[in-house]
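Enquirer: Structure incoming, see below.
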Amino acid sequence: MRVQKVNEHTIRIFISLTELSDRDITMTDLFQRSAKTEQLFWELIAQAREEVEFNLDQPFWIQATVATNDEFVITIMKQEDQVEGSVKEKAGRKTPKGRVTELVYVFADLEDVISAVARLPEFAQLRSGLYEFEKEYYLVLNRMGTGKKRFLAEAILDEYGEIVGTTGVFLSEHGKGIILEKAVQTLNAAFNKSTQS
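Just so we're aligned: the sequence shown equals residues 1 to 197 in our numbering.
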């Protein structure tokens with residue numbers, strides 16, 4: 001296992017399938033709450049506290065995604081205090097069952113957005129929008145489902161950008177709308193024609 005500190009509020013923990021197997025944890029266990037995964041989580045937090053001085057002293061959320069064929073990345077992000085004007089003030093829109101239906105990623109520049117969307121798998125029901133806020137670009141994604149394609153997409157997006165806890169509603173009110181609908185398809189049609197089958 002290795003720990004990467006992204007910033008004061010976020011860490012990524014990389015763990016291999018072999019390391020999970022050694023703890024008798026399956027992929028299914030990892031994506032469901034169980035006593036084994038809870039124990040693993042607190043072990044990871046203890047390791048993060050020692051290695052990168054990451055103290056989990058406030059509410060947080062956790063996301064597990066596939067990094068490679070043999071590795072998972074677990075992202076842990078503290079929920080920042082709700083400061084007026086802060087773009088990271090909400091933890092995403094959830095269904096009644098608690099599953100996050102909207103994901104928002106921030107990118108340093110438009111080139112990173114274009115590169116990321118070129119590699120995304122196709123989603124039949126995908127809804128997406130692109131916004132600019134404080135000189136950064138935000139891609140809002142809805143209806144990505146819950147299967148392997150979603151995990152692959154999240155791993156790709158993590159390479160180019162960073163997931164944030166804001167919402168499309170916040171960005172539509174405070175940011176500048178660049179492509180309000182079908183942003184992924186529009187960007188691919190304009191910039192990534194050669195990559196489309």
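Backbone N, C-alpha and C define an ideal beta-carbon position, used for all residues, glycine too.
Do L17 and D70 come within 8 Å of each other at the CB atom, strictly closer than that value?
Expert: Closer than 8 Å, so yes.
Enquirer: Comparing alpha-carbon positions, which option in T146, R127, T167, G175 lies nearest Q63?
Expert: Cα-wise, what sits closest to Q63 is T146.
Enquirer: Which class does Q4 belong to by DSSP, given the choice of helix, strand or coil?
Expert: Q4 falls in the strand class under three-state DSSP.
Enquirer: Give me, in chain order, the residues of the same chain whose beta-carbon lies closer than 8 Å to that of E159; leave out the 5 immediate sequence neighbours on both sides.
Expert: Cβ within range, chain order: A116.
Enquirer: Under the DSSP definition of a beta bridge, which residues are partnered with K135?
Expert: Bridge partners of K135: none, in fact.
Enquirer: Here's the rule I'm using: 16 or more other beta-carbon atoms within 10 Å means buried, otherwise exposed. How should A35 be labelled?
Expert: Classification for A35: exposed.
Enquirer: Does the distance from the CB of L103 to the CB of I163 come in under 8 Å?
Expert: Contact: yes.
Enquirer: Could you pull out every residue in the same chain whose Cβ sits closer than 6 Å to the Cβ of T65, ignoring the five residues on either side in sequence?
Expert: Cβ neighbours of T65 beyond the five flanking positions: V73, F151, E154, A155.
Enquirer: May I ask you to report which of helix, strand or coil DSSP gives E173?
Expert: Correct three-state label for E173: helix.
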